[in-house]
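J.:
6 protein chains.
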Amino acid sequence: MFFHTQEMQFTASPSQPDAVFARRLQEVLGGQYGEITVAMQYGFQSWNCHLPGKYRDLLYGIGAEEFGHVEMLAIMIAQLLEKAPVEQSEAAAEADPVLGAVLGGTDVQAAIVAGAGARPVDSNGNPWQGSYITASGNLLADFTANANAEMQGRLQVARLYNMTDDHGVRDLLSFLLARDTMHQNQWIAAARELQEEGAEDLPVPSNFPLSKEAREHSYQYLNFSDGEEAANGSWASGPSPDGKGEFSYHDGPESTVPMPPPTRPDPRLYGTDPAPNIVDKATGMIKDAFSEK
Amino acid sequence: MFFHTQEMQFTASPSQPDAVFARRLQEVLGGQYGEITVAMQYGFQSWNCHLPGKYRDLLYGIGAEEFGHVEMLAIMIAQLLEKAPVEQSEAAAEADPVLGAVLGGTDVQAAIVAGAGARPVDSNGNPWQGSYITASGNLLADFTANANAEMQGRLQVARLYNMTDDHGVRDLLSFLLARDTMHQNQWIAAARELQEEGAEDLPVPSNFPLSKEAREHSYQYLNFSDGEEAANGSWASGPSPDGKGEFSYHDGPESTVPMPPPTRPDPRLYGTDPAPNIVDKATGMIKDAFSEK
Amino acid sequence: MFFHTQEMQFTASPSQPDAVFARRLQEVLGGQYGEITVAMQYGFQSWNCHLPGKYRDLLYGIGAEEFGHVEMLAIMIAQLLEKAPVEQSEAAAEADPVLGAVLGGTDVQAAIVAGAGARPVDSNGNPWQGSYITASGNLLADFTANANAEMQGRLQVARLYNMTDDHGVRDLLSFLLARDTMHQNQWIAAARELQEEGAEDLPVPSNFPLSKEAREHSYQYLNFSDGEEAANGSWASGPSPDGKGEFSYHDGPESTVPMPPPTRPDPRLYGTDPAPNIVDKATGMIKDAFSEK
Amino acid sequence: MFFHTQEMQFTASPSQPDAVFARRLQEVLGGQYGEITVAMQYGFQSWNCHLPGKYRDLLYGIGAEEFGHVEMLAIMIAQLLEKAPVEQSEAAAEADPVLGAVLGGTDVQAAIVAGAGARPVDSNGNPWQGSYITASGNLLADFTANANAEMQGRLQVARLYNMTDDHGVRDLLSFLLARDTMHQNQWIAAARELQEEGAEDLPVPSNFPLSKEAREHSYQYLNFSDGEEAANGSWASGPSPDGKGEFSYHDGPESTVPMPPPTRPDPRLYGTDPAPNIVDKATGMIKDAFSEK
Amino acid sequence: MFFHTQEMQFTASPSQPDAVFARRLQEVLGGQYGEITVAMQYGFQSWNCHLPGKYRDLLYGIGAEEFGHVEMLAIMIAQLLEKAPVEQSEAAAEADPVLGAVLGGTDVQAAIVAGAGARPVDSNGNPWQGSYITASGNLLADFTANANAEMQGRLQVARLYNMTDDHGVRDLLSFLLARDTMHQNQWIAAARELQEEGAEDLPVPSNFPLSKEAREHSYQYLNFSDGEEAANGSWASGPSPDGKGEFSYHDGPESTVPMPPPTRPDPRLYGTDPAPNIVDKATGMIKDAFSEK
Amino acid sequence: MFFHTQEMQFTASPSQPDAVFARRLQEVLGGQYGEITVAMQYGFQSWNCHLPGKYRDLLYGIGAEEFGHVEMLAIMIAQLLEKAPVEQSEAAAEADPVLGAVLGGTDVQAAIVAGAGARPVDSNGNPWQGSYITASGNLLADFTANANAEMQGRLQVARLYNMTDDHGVRDLLSFLLARDTMHQNQWIAAARELQEEGAEDLPVPSNFPLSKEAREHSYQYLNFSDGEEAANGSWASGPSPDGKGEFSYHDGPESTVPMPPPTRPDPRLYGTDPAPNIVDKATGMIKDAFSEK
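Protein chains in written order, with UniProt numbering: chain A, 1 to 293; chain B, 1 to 293; chain C, 1 to 293; chain D, 1 to 293; chain E, 1 to 293; chain F, 1 to 293.
1) Going by DSSP in three states, His217 (chain E) sits in which element: helix, strand or coil?
2) For Val86 (chain D) and chain A, any beta-carbon pair shorter than 9 angstroms?
3) From Leu140 (chain C) to Gln109 (chain A), what does the alpha carbon distance come to, in whole angstroms?
4) Step through the CB atoms of chain B and report whether any lies within less than 9 angstroms of the CB of Glu94 (chain E).
5) Return the chain-ordered list of same chain residues with a C-beta closer than 6 angstroms to the C-beta of Glu123 (chain B), the five sequence neighbours on each side being excluded.
6) Kindly indicate which three-state DSSP category Leu29 (chain C) falls into: helix, strand or coil?
7) Do Ser174 (chain E) and Lys212 (chain F) count as a contact pair if the criterion is CB distance below 9 angstroms?
8) Which complete beta strand (DSSP E) runs does the stretch 190 to 250 of chain A hold, if anything under 3 residues is left out?
9) When Cβ atoms are compared, which residues of the stretch 29 to 47 of chain D fall closer than 7 angstroms to chain B?
10) Any Cβ of chain D within less than 9 angstroms of the Cβ of Ala114 (chain F)?
11) What residue ranges within the stretch 159 to 188 of chain F form continuous alpha helix (DSSP H) runs of no fewer than 4 residues, ordered along the chain?
12) So, are the CB atoms of Met1 (chain C) and Gly68 (chain A) less than 9 angstroms apart?
13) Measure the alpha-carbon distance for Pro205 (chain B) versus Asp180 (chain A) and round it to whole angstroms.
14) In the stretch 124 to 149 of chain A, which residues sit with their C-beta less than 8 angstroms from some C-beta in chain B, listed in chain order?
15) What does a CB cutoff of less than 8 angstroms around Met163 (chain A) pick up in its chain, not counting 5 residues either side in sequence?
16) Confirm, please, whether the CB-CB distance from Pro241 (chain E) to Asn185 (chain F) is below 9 angstroms.
17) On the DSSP bridge list, what partners appear for Gln129 (chain B)?
18) Inspect the beta-carbon positions of Gln129 (chain D) and Trp47 (chain E) and report whether they are closer than 9 angstroms.
19) Determine whether the Cβ of Leu269 (chain E) lies closer than 9 angstroms to any Cβ atom of chain A.
20) Would you please verify whether the beta carbon of Ser206 (chain A) is less than 9 angstroms from any beta carbon of chain F?
21) Determine which residues share a DSSP beta bridge with His4 (chain B) and list them.
22) Tell me where the alpha helix (DSSP H) around Lys54 (chain F) begins and ends.
23) Please state if the CB of Pro97 (chain F) and the CB of Ala19 (chain F) are separated by a distance shorter than 9 angstroms.
24) Per DSSP, what are the beta-bridge partners of Pro85 (chain D) in this structure?
25) According to a CB-to-CB cut-off of less than 8 angstroms, which residues of the stretch 171 to 204 of chain E neighbour chain D?
26) Count the other C-beta atoms from every protein chain shown that fall within 10 angstroms of the C-beta of Pro262 (chain B), then say buried if there are 16 or more, exposed otherwise.
27) Determine the DSSP secondary structure at Val279 (chain C), reduced to helix, strand or coil.
28) By DSSP, does Val102 (chain B) sit in helix, in strand, or in coil?
29) With DSSP as the reference, label Pro267 (chain C) as helix, strand or coil.
30) Going by C-alpha distance, which of F:Gln9, F:Arg215, F:Gly34, F:Pro14 is nearest Gly153 (chain F)?
31) Beta-carbon within less than 8 angstroms of Leu99 (chain A)'s beta-carbon, same chain only, minus the 5 sequence neighbours each way: which residues are those?
32) Which same chain residues end up closer than 7 angstroms to Lys83 (chain F) when comparing Cβ atoms and leaving out the 5 residues on each side of it in sequence?
33) Could you spell out where the alpha helix (DSSP H) holding Phe44 (chain E) opens and where it closes?
34) Any C-beta of chain C sitting closer than 9 angstroms to the C-beta of Asn232 (chain F)?
35) In chain B, which residues lie less than 8 angstroms from Thr5 (chain C) when you measure between Cβ atoms?
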């Protein structure tokens, strides 16, 4: 259950409106790695979690924070759009290149659809979608997904920092950078703790019986390109991170098998037939006739 | 540049057709974490890579392997569908519950659209999409994304393993499990090597100036839920994995700020106005009149 | 800012697992009119709201409730899936038609992707998307959108009620029906209050200058089909609900205009040309040559 | 059955081309609330309608009009694009900021994909999609959806009116505003008539047995945020619009229940297990072994 | 402008309801090559057409027919769904495998969302989308797209024919097959006529100056796989269909070029740097400091 | 199986960066008819192909070339973006209209998401999706789809050619134009060869029994619009291209049938009822009561 308070974790007001930057900021609100993604991702991971206790509490504890970040960004974006220019025709752009320069960089739907409001979309106007999130029920996999999400998110915020010099916006971004630092560290710590406690291990899922895996292929680096430098990496020789194997390097696959023959499904699917002669067609038609009512 | 050979890395033929399992197998072909995703992800990471040498060679070397896995799965699925029943009406299902049971579990588009063929979709028929991939230009973030993708992928293959007892299918899955084991290990090794060589570090991106981050918020666990167990995790006290801070635990945010006042954009966007009285409307109309040609 | 408590507004536990119904219930979690939609819709409406006071408080007050409903449904679905059968092959379905019947009705991704967990998708597995929500900045339009969303939502819950006889599930649905009753009534009341207070009126947006509208077309029912019964409705004669006009009925449009001539854009776009003779092509090539560097 | 005439209901020619505005106008052609949406929405509502007579005739009568509006907008957009500049490189923009200003605001696919033509997309280039429409079979819900669609549509047209000063475009917009005025009024009238005739009532669906609803929750305003003004609205006390209850105001939920314990699905889904000790794993492996062939 | 009549081109009533087949039939209503696609495709081609006269009249003439086919299929589907079973729980399926067999094959949203109605989606429930259509402004390209659409459409209808033995449904399908036969033939005839009249030619677009094309690569078959049979096709030797070249066969590319060096974008994008040493980072930070306000 | 070499088929380096053109070039990388589409389309057609030999070898042989084109375009785009301006705020645009002009035309996600890298999206930022491809199992239909794809692709490249004057970019485009010329010709040749060999014929699918088609409708041009010029085309009289019929022209449909009565599904779906009187409702409630547990 969620309760809302009409406060924010940090100030989220720009020094002045900037409709161009508003569009860019939509990326970390409604993009693949925006705040809606992490809020929903931690939500679904907690609701699907099979363990009571510290890991689920962690997911609940941070999930609600992220919904608050969604709110902070939406409110910031609405303020950045507050004075967005309404004149948006080609004539207006021609008469005033400065205005034109601005118009070209804005999200036109922010005005037409939302009346100068934030929207659940990314910086190109693609709607946020449920397929951005990951919640598999396997916590080591999911915490790795979370660490990645926080890394991508902090990277995007860092890039956005250099696209504005508005002090109010930079203040908010410096705060979000800090929280992303925390969350990167947190998920890495949690992933380690899971492994130290034996709850999960590499390779994920660690409780799949290794006897059912074709283990002879499990630690081979197979080079399918002609660059040779990859042989020098730690993934090409020495012990593997899961502690269960030794890496080896191979130029391409060790062995190959011929392709199976093409399939030949039911003729009533009317694919192009390998032996399209009259006899064959006749057979098809006869079969067909029999199957008819 | 890519060259194709009409061979496969491993056998990919079922002992017998199974249209129900064909649908399920689409998940690891065309789903969020299927083979198309990792093939395209490693492709775009290599094409956008800023470093010549071992990391880019690694991306090229494995990317081409994954395109071959796309092929193996597509060919396997086509064979699983080869004898898919054509009769698919309600009457057929009623007359033969066994047939009906089968029909209910198949992807109807495999027959209608592809004529018993594989498709670039997931197990629910959602088309694969470009927004599944990650290629940020930052290798530590991206290698973490890759490790996650291989974990989720291996997890899904392991689940699928238990949904069939076909020896041919299980053989292929046991091979894919092995390669996913390799690739999980490999990306984890590569991520470590990047950090050991100083090319990148935590928090990602490590070359963003820390002075611009609100560091006082960078290592605080803020609990926005009422579960108390998260205080016992390694993310709530002690040194952080990035080696740059000390975790602390807090029940909720340390401080809050009031919300900014609501925005009041241009009246010509016709949002609902905070002071909707006659005078105000008149002003809007006058402004409007002036702006008209 | 949002805070979470590990409680729920109402019990959300099934009497027994039911993977078939779990899939159906996804509709009101992650579908076009599911709880994610209303939660996000009320959220964005509040963040974009231009008025402090009762209307914004209303949006905030109900938005957080809806996020809790997202949680309730996700937790219910996870429980419905708890004992979902793992065997999902064609052979399993053939061996046991009862199992097959069940398998056909389940969401296969719930198992493969989420490990028997809820997902932000609808009952056909389409991911939730940001384009489901409406937040225009105009409160009368948006409250009408909200009333519609609650009506569609209650309708879907009512339909689902008859698709199960599980007492636990029906209890939750009877609660959701009640809340949807409240919310339908509430948005209708709020829409009326907006109009009574003069904040907004019909036709939306009421503060667009009527002088700029082609008013002679504003109250005509134009019949573009050959059914004649529509002439008997209250929309075909008598005063209009906005109190500003009188409806009239017309068999088709009162007048028409000829189509403008086809466009003829720049020849360098290589569309098929209205006068594709040699002279004309030559001109194009000459122009082209001049524009080249 | 539909018949086409090569005429239009109203003039749809701009005074001069304007590629920037063409992009904006795509919103009301192919956006969430554009003409394609209402045309298809009224179409599907009529085809699914369970009643012969005036309501279905109304749906047919207006649906065909809306397909004509799709055509008018497409033809208008093609004319606005007729002289769209072909030069679109960075060098061109640098050489001529005025051109650059224009280019920035155009839909690049209008040129590359459509050769200066209209497309079934919104103003950000998102393709129109079937999930925009509503056709539930319940006419009161659907007429409310229709009223909302016409309100949002008229709002967007009104916003667009102020983004151009082209007389030809404004003429068309003033006509569309008028038709949207009609259609708002019409759906509101039709919704009232449905209720007056007893065909449907609030709460939708009115023929769901109230005895199956948890009526004690049906008229409570539950405030999940800390704003107190919502207590003053007509939704917080007094009779409800459906005439079946009395609103009451409550600060948060009246009662809560504890969360159910986490689920623990089949171990062969390899989620992270609540008791991940050796014994437990062994059990899993044993079970697994038995289930193997 | 479109007018509607409450008649149909052909009977569209099933002998009896069949909810399983209703789902399948959605493919040719709302799928990639369904009737909505061709209706909208011919519509946009006509609205964007640059030529008055027979080709545009053809597009208008057939476009309106296709909208009528949308209607016929929607009405057929609604009838197929009329008696769709409401009981859809796992318990119902277990109690009655026949019912279960049926339920598994239905589109659950047809009941929950549409109340036993047709929807603008394909047979897997994916919403129809604007990106299915093609309207490029080049008529030879577009007529080829149209021929393909009619071929794929007829193929799907032919497959569906064998999935039912309902006489009413088969009657409608036999009619649609006939119309698809007509439309395939028609677009092929129209494409030929365009070429015979010199309005357009191969290669499309034929009015792009050939001097700007790297003609030495224009007729080479380059074999990037190791199958050798393609050398025997008419595409590997002899004159090309455009009459402008002679095919030749080559085992792989004639020549190759080395890859360009990796890019090295602005350091403020925080990609992983090719020379990640201290000096370099320092430079980045200094640059950064200077660019700050 | 695919192997990669770190070479390219042709040079793909711009004379200088051009972030505006980079965005446009994304269309032929990740758009509906971009290189990802043809690479995946030929891939799936080959994997689903039912014939060994020259046609499948052709699909394999060209498919791998197209994956190399994906690479070339991605590498070109990364270079075009290499010096993309980072300053992207409204203030920056206002201070420097030239910069502003540039910024407006760029894909903001190229910087924020990919750090100046290529992405699997089109020129409006829509992610590539699996529904762009066609692979039906019927080779004549699919080769026609391929011919269309290569026509649309060449058309788009030709348009892009005129949007830049960069010699390096134009070199690559002139190469792609040549390959598209080859591939158009090749698919047309292959489609002819299929027909000459009798493997497939018009109308597709040619092996569907003609006796099951309503042949009286198979060669009629039915004019559903009021333009009369279409009567003069080769599709309105004379022999049809399939050699099996004679075209005829008709002003509208030859005959029509009345619509079937509206459906009346199960009352527990709560649609609006054709006879909404008390008796009828009562019946519904009684039925309902009986079906309850």
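All residues carry an ideal CB built from backbone N, CA and C; glycine is no exception.
Since we're looking at a predicted model, the values are computed, not measured.
T.: According to the structure data:
1) helix
2) Residue contact with chain A for Val86 (chain D): absent (no Cβ-Cβ distance below 9 angstroms to any residue of chain A).
3) Taking the straight line from one Cα to the other gives about 19 angstroms.
4) no
5) Correcting the residue identity first, residue 123 (chain B) is Ser in this sequence and not Glu. The answer, listed in chain order, is Arg23, Arg24, Gln26, Glu27.
6) helix
7) Yes, the Cβ-Cβ distance between Lys212 (chain F) and Ser174 (chain E) is below 9 angstroms.
8) Here the runs fully enclosed are 220 to 222, 246 to 250.
9) none
10) no
11) none
12) yes
13) 11 angstroms
14) Asn126, Gln129, Ser131, Tyr132, Thr134, Ser136, Asn138, Leu140, Ala141, Thr144, Ala145, Ala147, Asn148
15) Phe21, Arg24
16) yes
17) F:Gln129
18) Their beta carbons are not under 9 angstroms apart, which means Gln129 (chain D) does not touch Trp47 (chain E) by this criterion.
19) yes
20) no
21) F:Phe2
22) 54 to 80
23) For Ala19 (chain F) and Pro97 (chain F), no; Cβs fall outside 9 angstroms.
24) According to DSSP, Pro85 (chain D) bridges with nothing at all.
25) none
26) buried
27) Residue confidence for Val279 (chain C) is low, a pLDDT of 41 falling below 50, so the modelled location carries little weight; the figure read from the coordinates is stated next. Reduced to three states, the DSSP call for Val279 (chain C) is helix.
28) helix
29) helix
30) F:Gly34
31) So the list reads Pro85, Glu87, Ala92, Ala93, once near-sequence residues are dropped.
32) Cβ within range, chain order: Pro17.
33) 35 to 47
34) no
35) Ser225, Asp226
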